[in-house]
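**Student:**
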Amino acid sequence: MSAFSENAQAFIADGPRLAWHDKAIWFVRQKRDTARAAVPEWEELRATASQIKAHTLSRLAGYLEQFEANAIELGAVVHWARDADEHNRIVHEILRERGVKRLVKSKSMLTEECHLNPYLEERGIEVVDTDLGERIVQFRHEPPSHIVMPAIHLKKEEIGDLFHEKLGTPQGLADPKALTEAARQHLREKFLAADAGLTGVNFAIAETGGIVVCTNEGNADLGTSLPPLHIACMGIEKIVPGTRELAVFLRLLARSATGQPITTYTSHFHGPRPAGELHVVIVDRGRSKILGRSEFRASLKCIRCGACLNTCPVYRRSGGHSYGVTVPGPIGSTLAPHADAAKYAGLPFASTLCGSCSDVCPVHVDLHHQLLAWRGELARQGLVPLGKRIVSRVGAFVLARSWLYQIAGKLVRWVVPLLPARLLRANAWGRQRDLPPMPRESFSEIWRKRGRS
Amino acid sequence: MLEVALFVPCYVDQLYPAIAVATVELLERFGVKVHYPERQTCCGQPMANSGFFDDAVPLVRRMADVFAPYEHVVCPSGSCTSMVRNHTEALVPGDDGVLALRKKTFELCEFLHDVVKVRPEGRFPHRVGLHQSCHGLRGLRLGSGSERLVSPSNKVRALIEGLDGLQLLELARPDDCCGFGGTFAVAEEALSCAMGRDRIADHERAGAEVITGTDISCLMHMDGLLRRERKPQRVLHVAELLAEATA
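Listed in order, the protein sequences are those of chains A and B. Residue numbers for the first sequence follow this note's numbering, beginning at 280 and rising by one. Residue numbers for the second sequence follow this note's numbering, beginning at 494 and rising by one.
1. Just the chain A side, please: which residues come within less than 7 Å of B/Met-540 by C-beta, in chain order?
2. Along chain A, in chain order, which residues have C-beta atoms closer than 7 Å to that of B/Thr-598?
3. I'd like to know if B/Phe-604 contacts chain A, where contact means its C-beta is closer than 7 Å to some C-beta of that chain.
4. Verify the CB distance criterion: does A/Pro-592 have a CB-CB separation below 7 Å to chain B?
5. Just the Cα atoms here: how many angstroms apart are A/Ser-732 and B/Val-611?
6. Thinking B/Ser-543 and B/His-628 are a contact (beta carbons under 8 Å), I'd like their distance in whole angstroms, please.
7. Buried or exposed for A/Met-280, please, with buried defined as at least 16 other CB atoms from any protein chain shown within 10 angstroms of its CB.
8. Please classify A/Trp-359: does DSSP put it in a helix, a strand, or coil?
9. At a CB-CB cut-off below 9 Å, which residues of chain B make contact with A/Tyr-342?
10. For a minimum of 3 consecutive residues, which ranges assigned as the beta strand (DSSP E) are wholly contained in the region 408–494 of chain A?
11. With DSSP as the reference, please indicate the residues paired to A/Ala-511 in a beta bridge.
12. Which residue marks the beginning of the beta strand (DSSP E) containing A/Lys-761, and which one marks its end?
13. Does B/Lys-526 pass the burial test, meaning 16 or more other C-beta atoms within 10 Å, or should it be called exposed?
14. Looking at chain A, is there any beta carbon in it that lies within less than 7 Å of the beta carbon of B/Leu-623?
15. Run through chain A and tell me which residues come within less than 7 Å of B/Val-643, C-beta to C-beta.
16. Just curious, the alpha helix (DSSP H) that A/Ile-331 is in, first and last residue?
17. Taking DSSP as the reference, what is the three-state secondary structure of B/His-730?
18. Return no unless some Cβ of chain B is closer than 7 Å to the Cβ of A/Arg-654.
19. Taking DSSP as the reference, what is the three-state secondary structure of B/Glu-681?
20. Would you list, in chain order, the members of the region 525–536 of chain B that have their beta-carbon closer than 8 Å to a beta-carbon of chain A?
21. Taking only beta-carbon positions, decide if B/Arg-692 is within less than 7 Å of chain A.
22. In chain B, what lies closer than 9 Å to A/Pro-609 by C-beta?
23. Between which residues of its own chain and A/Ala-473 is the CB-CB distance below 6 Å, once the five residues before and five after are set aside?
24. Is A/Ala-533 helix, strand or coil when you go by DSSP?
25. Beta-carbon within less than 6 Å of A/Ser-721's beta-carbon, same chain only, minus the 5 sequence neighbours each way: which residues are those?
26. Would A/Phe-548 and A/Leu-501 qualify as a contact pair, given that the criterion is a beta-carbon distance under 7 Å?
27. A/Ala-679 versus chain B: which residues are under 8 Å apart at the beta carbon?
28. Once you ignore the five residues that flank A/Glu-574 on each side, which residues in its own chain have a CB closer than 6 Å to its CB?
29. Tell me which residue opens and which closes the alpha helix (DSSP H) that B/Gly-622 is part of.
30. May I have the straight-line CA-CA distance separating B/Leu-661 from A/Ala-618, to the nearest angstrom?
31. Go to B/Ile-653, then tell me how far its alpha helix (DSSP H) extends in each direction, as first and last residue.
32. Hey, B/Ser-685 and B/Gly-674 are a contact pair by Cβ (cut 8 Å); roughly how many whole angstroms apart?
33. How about A/Arg-308 and A/Thr-631: do their beta carbons lie closer than 7 Å?
34. Does the distance from the C-beta atom of B/Val-703 to that of B/Arg-727 stay below 7 Å?
35. Using the Cα positions of A/His-647 and B/Phe-545, report the straight-line distance between them to the nearest angstrom.
36. Less than 7 Å between the beta carbons of B/Gly-622 and B/Ala-738, yes or no?
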C-alpha cells in the first residue's frame, strides 16, 4: 500500500470530518462555477491563457532574460537559483548581509517547496508567515494542506483552541471574525517589527520587468511597505510576455481559485520603492527538466489556482496532507514524481482518471492524461508493485487468446458462487461491496446459441 | 440498412450478458443489423490504466484486426469506447488499422443519438437518477459536464427523458465521480467506497428508484455497496432501461 493510500485511509476513517472536508472544498468549487458563469467568454479565455503559456514556455529563456534586463533597469537585483539549496542560500545571504533578524512572508508555495522557513530559522532569523492560513499552519508546525487555502483542513473550533494557546484569545472562542481580528493584531506587531519582507510572485512581466502578487489580505503590501527590503521568489514558469497577456490571467486566477472576480489586492511591483531594495530570486528547481519532457511540459502552464484540488473527488476525500508533498491534488501528483519518482510513485494512482481536473483547469493542463502518462513511466522504471505487474501480464496473456479468455471467464462464473461468503468478504472488493450474481452463460455463449436457433 | 459490429467489453460479456442482449435488441428494434465478431476479448484498458502499456498493445492491435471488416463498431460502455478513441493512438502510433478503429467506434447512446438519430418512444414509470460516468461524459463528451461553460447538452438524457412516466431526477452533484476507476476500486478501496457512498446518497436524496448510466462498471461498484447495505435502489444499464421501455 502506498504512503498516500495509508494516509487517505486514516483520513477517511473519521467519517464526519471526511464529509465536512468534502463539503467545504466542494463549496469553493461551486463558488468557482458561479463566478465562471458570469463570464460568457470563459472558454475562450481558458484557450487563450493556455496558448499564451504554451508560447511563453516555448521561448522561456528569451522571456526570462528580457524580464531580468527590464527588472535591473527598474533597479531590482535579480538572482538565479538552480535548486532549493541555492535558493535558500541566496535568500539567507541577502538577509545576513543586511543584518536582518525578523522576516515577514506573504504566501509563497515556492518557498514551501524549498523549505526556506526551517533553513532561515536554523540560522537565527525569525520567520513569520503573514497569510492567515499560513500563520495557522506555521503555529501548528505543519505544511499547508491546500495551495490557496493552507488551513482548509481545520475547523474554526480547532483554530480557536490554537489561538487560545498561541495568542491568548478566550478559551472556546470560535467566531471567525473575532479570531481573524486577534490574528490581525498579532500580525500587525510582526509587520511593524520586521526588517525585511518576502513575497511570492504570481506573474512576472517580461516586457516591463515588473512582478505581480495577488493576495486577499493585503499582507504582501504591508510586508513590503514597512521594511526597506523586499525579496520576491519565483519559479521560472511565472513569466508572462506583457501586460496584455497578464490581463487574461488576472481574469482567470481568482475566479478559478475562490470564485472571486479578482483577488482583493493585485499588487504590482515595478522596481524597489524609494530608498528600498528589491531582490528577485528566479528558481528552477526541476522545472527546466519538466520543460524538456514533452508529455509533461503543459504542467508548467499551471498558475496555482487550486481549482483542480477543489474539483478532485480524491483530494476532497483524502485531504492535502495525505499526498506528502507541498503541492497536493492532481497538479501535485503530476509534479512530484519528477523530483523523486520512487518516493511519489503512489500519487499518479491516487486518481480515478475522471478528468474533472483537466476540464476545470483555467490553462488547459491535461492533468488526467499526465497522470496516466506517469503510470506508464513508473511501470517502465519498475516502480509499480510486482503483484500488479504479474496480474497485468497474466491478464494480457489470457485476453490475447479468445478460447483461453472464455475458459477463464467460465471458471470464474463457476467458482465464485461456490465460495463461502466469508472468503468473498475478505478482499478489497468484498469488504464493503457485494459481487454481482454470476450469470450461467456469457454473452458469447448466448450469441452462439442464438446463431444455431 | 445500417450494420454494426458489437463490441462487448470483457466484463459485460462475462458478468452482465443481459446488457449485451439488451443492446442487440435495442439496435435491432431501431433497424440496425448487428454482427458479433466472436474473436473479440478486451480493449486493453485495465493494463493501460495500470501503466502497463506494453501489455495493452497486443490487445489494441487485436481489436483493430477483429473489427477491421466492419463500418461501425458499437459498444455499451463509455469507458471502453473512450479507451479505443482516446488512448490507443498513443499505444500504437501511426497504425492505419487502429486509426480506423478509433474513428468508427461509438458508445451505444452516442450511436443511437448521432448516427441512427432516434428518439425512443416507450414507457418506464420510475424515478430515475442518471449516473454520468466520467469517461463517457468527459472522454466522449456525451454531455456538457459541469466544469466547462458550454451550452448544456446530454445525449443519454436526450434518449431517456422522453419516455412516458420516466421522472428524471436532478442531483446535487450531477457529475461527481463514483470512485470505481478500474483498479482504483481495489487499490484505493477506502476512497473508492467513500466516493461511491456519496454518489448513492445523492441519488437517494433525489428519490431515485433506479440509477442508470452508460457504464455497468460504475454501476456494479454502486450496486455492490447498495446490496451490501440492503438498500432498495437498483442499478440498470441504460441499454436495459431503453430495451425494457421500448419493448
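Each residue gets a CB set at the ideal place from its N, CA and C atoms; glycine is no exception. Everything numeric in this text was worked out from a predicted model, so none of it was measured.
**Tutor:** Straight from the coordinates:
1. Ser-671, Gly-674, Ala-675
2. Against B/Thr-598, chain A offers no close residue; the least beta-carbon distance is about 18 Å (beta-carbon pairs closer than 7 Å).
3. Cβ-Cβ to chain A under 7 Å: no for B/Phe-604.
4. A/Pro-592 counts as touching chain B.
5. Residue placement at A/Ser-732 is flagged as unreliable, the pLDDT there being 49, under the threshold of 50; the coordinate-derived value follows with that caveat. Whole-angstrom Cα-Cα distance: 30 Å.
6. Rounded, the Cβ-Cβ distance is 15 Å, inconsistent with contact.
7. exposed
8. strand
9. Under the 9 Å cutoff, chain B gives no residues; its nearest Cβ is about 29 Å from A/Tyr-342.
10. 475–478, 482–484, 490–494
11. A/Thr-478, A/Val-559
12. Residue 761 of chain A lies beyond the stretch modelled for chain A, which goes from 280 to 732, so this question has no answer here.
13. exposed
14. no
15. Glu-322
16. 321–337
17. strand
18. yes
19. B/Glu-681 falls in the coil class under three-state DSSP.
20. Tyr-529, Glu-531, Arg-532, Gln-533, Thr-534, Cys-535
21. no
22. Within chain B, no residue comes near A/Pro-609; the closest Cβ sits about 12 Å away, beyond 9 Å.
23. Apart from sequence neighbours up to five positions away, the residues of its chain that approach A/Ala-473 with a beta-carbon distance below 6 Å are Arg-381, Val-383, Pro-506, ordered along the chain.
24. Residue state, collapsed to three classes: helix.
25. Correct list, in chain order: Gly-688.
26. Not closer than 7 Å, so no.
27. Thr-534, Pro-551, Leu-552, Arg-555
28. Ala-652
29. No alpha helix (DSSP H) holds B/Gly-622; the beta strand (DSSP E) holding it covers 620–624.
30. 48 Å
31. 648–653
32. 7 Å
33. Cβ distance not < 7 Å, so A/Arg-308 and A/Thr-631 don't count as in contact.
34. yes
35. 17 Å
36. no
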